[in-house]
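Novice: Dumping the structure here so I can ask a few things about it.
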Amino acid sequence: KLSKFVYILFIFYIGWFQDVFFVIPRMPLTLGVGMIVILFFHLLSNDNMRVTIPRPLLIWIVFACYTLLTGLLVSTDIMHLVTSWTTYVQTLAMMFYIINVSELEKSNDFFIKSFFIYSLIYMFTMLFWGYTGRGGRLQLSATSNPNGDGLTLLAGVFCTLYLINKDKPIFTMLQFGLVGMLVYTIILTGSRKSFIVVLFLI
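Take the sequence shown: its letter number 197 is residue 197 in this note's numbering, and every next letter is one higher.
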């Protein structure tokens, strides 16, 4: 539970807080390492549990090592190399975390529900306190990318549709209302790809 809590702090910080408010130095690294370390301790405390690294992730880890070694030899900007490589490794760490927690619980409902809540907060922040950028496109903040904002909202539509329960008609109507708001916000971002994909998704 503690590891999950740190994960929620992690996604909210990197995707929402630092764009809307301010940047806290080394916070992504601290939260990312924290959730992985806590998960490892949990796995080590249970004899029957094991670490899961599927083949695609293993290949990407090997590729990460390869790019770092070769990059140090050919790169003219070492700092840019390290920054890009660190971002790539953080993505792999997030994938590793999601895979292992889902395997541990035999379900990915936690990640679907947490991103559902995250996308709603993201949407309401854009609608009420968003930034209007070039061409009148709505953005989360002055530093965010409207295309990236559209993709986040698109993932929110997926999570909302995934969580629909036909046995709860009132809740289902509310969810379709949220889908409509998410699509409306995607239109405001001016992200054509996100709009086209969300139509296919619906």
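Beta carbons are placed, not taken as given, at the ideal position from N, Cα and C, and that holds for glycine. These numbers were taken from a predicted model, which means no experiment stands behind them.
(1) Under a Cβ-count criterion, where at least 16 other Cβ atoms within 10 Å of its own Cβ denotes burial, should Leu182 be classed as buried or exposed?
(2) Let's test the definition: count the other Cβ atoms within 10 Å of the Cβ of Ile164 and tell me whether it reaches 16, buried, or not, exposed.
(3) State the DSSP-derived secondary structure class of Leu39, mapped to helix, strand or coil.
(4) Anyone know if the C-beta pair for Leu58 and Met95 falls short of 7 Å?
(5) Do Ala93 and Ile24 have their CB atoms nearer than 7 Å?
(6) Can you list, in chain order, the residues of its chain whose CB lies under 7 Å from that of Thr172, leaving out five sequence neighbours each side?
(7) Could you tell me the alpha carbon to alpha carbon distance between Ile187 and Phe195, rounded to whole angstroms?
(8) Label Pro54 either buried or exposed according to how many other C-beta atoms from any shown protein chain fall within 10 Å of its C-beta, with 16 as the threshold for buried.
(9) Over what stretch of residues does the alpha helix (DSSP H) that includes Asn145 continue unbroken?
(10) Out of Val20, Leu39, Leu72 and Leu153, state which residue places its alpha-carbon closest to the alpha-carbon of Tyr7.
(11) What residues in its chain sit with their C-beta under 7 Å from that of Leu43, if we drop five residues either side in the sequence?
(12) Looking at Leu127: is its Cβ nearer than 7 Å to the Cβ of Val198?
(13) Which two residues bound the contiguous alpha helix (DSSP H) that contains Met181?
(14) Can you tell which of Asn100, Ile99, Tyr66 and Ser191 has the C-alpha that lies nearest to the C-alpha of Asp149?
(15) If you pair each beta-carbon of the stretch 108 to 125 with each one of the stretch 7 to 23, do three or more pairs fall below 8 Å?
(16) Can Phe124 and Cys159 be called in contact, C-beta distance under 7 Å?
(17) Please report how far the alpha carbon of Val74 lies from the alpha carbon of Thr185, in whole angstroms.
(18) Based on DSSP bridge pairs, tell me the residues matched to Thr132.
Specialist: The answer reads as follows:
(1) buried
(2) exposed
(3) helix
(4) no
(5) no
(6) Ile164, Asn165 and Lys166
(7) 7 Å
(8) exposed
(9) No alpha helix (DSSP H) contains Asn145, which DSSP labels as neither H nor E.
(10) Leu39
(11) Met49 and Val51
(12) no
(13) Pro169 to Thr189
(14) Ser191
(15) yes
(16) no
(17) 43 Å
(18) Leu138
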